Amino acid sequence: MPLSLYNTLTRKKEEFQPLHPPQVGVYLCGPTVYSEAHLGNARGPVVFDVLTRYLRYREYRVRYVRNITDVGHLESDADTGEDKMAKAARAARVEPMQVAQDFTNRYRQHMLALGCLPPDIEPQASGHIIEQIQMIEEIISNGLAYEVNGSVYFDVPHYNDEQQRYGKLSNRSIEDQLAGTRANLEGQSEKRSPLDFALWKKASPEHIMRWPSPFGEAPGEGFPGWHLECSAMSRKYLGVLSDIHGGGLDLMFPHHECEIAQSQGSHAHTDEARFWMHHNLITVNGTKMSKSLGNFILLGDLFRGPTGGLAQGYSPMVVRFFLLQAHYRSPVDVTDDALRAAGKGYRKLMNGLRLLDKLVASAGEAAGSPTAADQLLALADKPASFLDDDLNTPRALAALFDLLKRFNTLATTPAALAEVGAAALTAAAASYRTMVQDVLGLQDEPRANAEQLLNLTLSFYSEAKADKAYDKVDLIRAALKDQGIVIKDTKAGVEWAYSEE
RNA sequence: GGUGACGUGACCGAGUGGCUAGGUAGAGGUCUGCAAAACCUCCUACGGCGGUUCGAAUCCGCCCGUCACCUCCA
């Protein structure tokens, strides 16, 4: 069965075929690292992690690019000249790049904890100023951008007339947008049209993050516009036309719309990517989680808990499972009830994982009947087939629970196990394991506390010793020694230490 | 105002013109020293009103409600 994905550009599901099989180029718009990531920021990476894992499972050779935007986007009004990064740096009295590095480090830790494999390339906007400037020069030479006072703006109306419809991704007409922006024209006097967006901004004196600028009459300094880095870096690492480009629904306009305009307006003359994918947002009490609304739940806090109205912490894998239980194009509301339910479901799936080896072993050499074997194999094939349908992770999980139920039954019914046979069971078990761990990226998180287990063992040790049951005492000593732990009987009681051997 | 999404059982959350997803919670049962796990059974819902259809929760229309984007945002 072919993989189909919903393409925002065409507003329908389309069969996915890479441009240059078996290579697949995937780009995800990454974080702006001026603050710690919240749960909402995690959805894209988790969704795209599953996407890239699944593409690899289907034996494509994936190049997955997820950028770090460390060039501060402007805080609000462009004319104040202050950007997010600079503001955060000023507040902490450190170098802006220090802010960026700090949050980048934390972001990577959190993504790793959530089971997201590191991207193949993680380019930073600040490291691609040259590429961005080049792209601007191309757009200027194509007559689609103009320079004013050292800043460069994209000429949206001209682009719209000359080439493609600006708004084709978000399905807006240029007239509608003009109607919507008429109210807030102030502070945009440099722009010819309120729809125009900045490709390059001249740095005001107080603007900290700045780079030498080729634009304007006197040599000056400036910084790239908000949408340019993704276009430039996608092109550098995935070519003028990549296979898949994605991000949150809220990036569709203006960010992705502008990216398409930039790529069309440059010498690339493409939509930048063939498939544009947008995941839905995470809400709290039905309202979007966002930095500006202040209703966000930071990932670090979420893992530790309690925080932001949640009564407890939830482990990264539970959070991942929680996110995957909803389809990526549906909104997800965060509540304790939902997270707790997800936690139990996750645990169930993991306990299934632990059952598999024993189950396969107990099947022995049983030949089995073709009918029973086929039934099990059909069940085992379902999860992947649901992922083929626009990455339907909730259905894939449902199919895995169905398969797990069958495994559990087989584990307690030897006759049925023999009926299925060793070959089918081994294949189905492998399929379950691959799907859960490698494709959905759900790993078992041991909950047991080793130290507490050790203390329990030591209490048995003490008991055995008091009973002079030296065979048990020796057994416990030997078992712990295998773990590199030695028991020390002291006057104060039983203690332990790691063996120095 | 423009654009788009959505309203499913106690909760979360899939889905399709007819064949009761799945998870969680609840009830009963099997099993069990107790318990847990597991399995079996039950709880059968699709905002409202019309329309199309042999048949709609699924298609169409209207209404009600919620949300998002149009300004930085995953």
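Just so we're aligned, residue 17 is where the first sequence starts under my numbering, counting upward by one. Using N, Cα and C, we set each Cβ at its ideal position, and we do this for glycine too. Model, not experiment: these values are computed from the prediction.
Separation of residue j from residue i, as counted between CA atoms
i	j	result
E163	K218	10 Å
R198	P210	Its pLDDT being 46, under 50, R198 is placed unreliably in this model, and the coordinates cannot settle the point.
G41	N83	14 Å
D406	E233	51 Å
I156	L35	29 Å
A495	I501	9 Å
G380	K398	25 Å
I313	A434	50 Å
E138	D490	54 Å
A396	I190	49 Å
H283	M151	8 Å
E467	R27	54 Å
R290	F319	36 Å
A144	E273	Residue identity differs from the one stated: residue 144 is His in this sequence, not Ala. The alpha-carbon atoms of H144 and E273 are separated by roughly 21 Å.
P112	K29	42 Å
K307	G316	15 Å
P235	L21	47 Å
N367	D460	9 Å
L458	K481	43 Å
K504	E517	15 Å
N417	L426	For the record, residue 417 in the displayed sequence is Phe; it is not Asn. Spanning the two alpha carbons is a distance of roughly 14 Å.
C246	L297	21 Å
V510	P462	26 Å
Status (buried if at least 16 other CB within 10 Å, exposed otherwise) for residue i
i	result
K374	exposed
F476	exposed
W292	buried
Y514	exposed
A107	exposed
E147	buried
L69	For the record, residue 69 in the displayed sequence is Arg; it is not Leu. The residue in question, R69, is buried, as its Cβ has 16 or more Cβ neighbours within 10 Å.
P18	exposed
V110	exposed
Q278	buried
Y169	buried
Collapsed DSSP secondary structure at residue i in the structure displayed
i	result
M305	coil
M17	coil
Y22	strand
M293	strand
S167	strand
V172	helix
D349	strand
P228	strand
P240	strand
I156	helix
Y162	strand
I492	helix
Q341	coil
R27	coil
L315	helix
F213	strand
K100	helix
K218	strand
H126	helix
Which residues DSSP lists as bridging residue i, in chain order
i	result
L44	R82 and G262
F402	Answer is none; F402 lacks a bridge partner.
T506	G509
Y514	I501
I146	Its beta-bridge partners do not exist; DSSP assigns none.
T323	L326
V300	T303
F476	Looking at the DSSP assignment, F476 forms no beta bridge with any residue, so it has no partner.
I276	In DSSP, I276 forms no bridge with anything.
R77	Q39
I137	V81
H54	L314
Residue nearest to residue i in terms of C-alpha spacing, selected from the options
i	options	result
A400	H285, S447, A284 and Y123	S447
L419	L369, N408, G437 and D460	L369
L413	A358, S51 and S220	A358
P38	A104, R69 and E75	E75
D259	Q33, G509 and E511	Q33
L372	F337, T428, Q193 and A116	T428
K184	Q114, A129 and E275	E275
N465	T473, Q391 and L458	T473
E222	S142, V436, K507 and K103	K103
H174	D192, A508 and D212	D212
S478	T450, P332, R208 and W512	W512
E52	F119, L44, V87 and G238	F119
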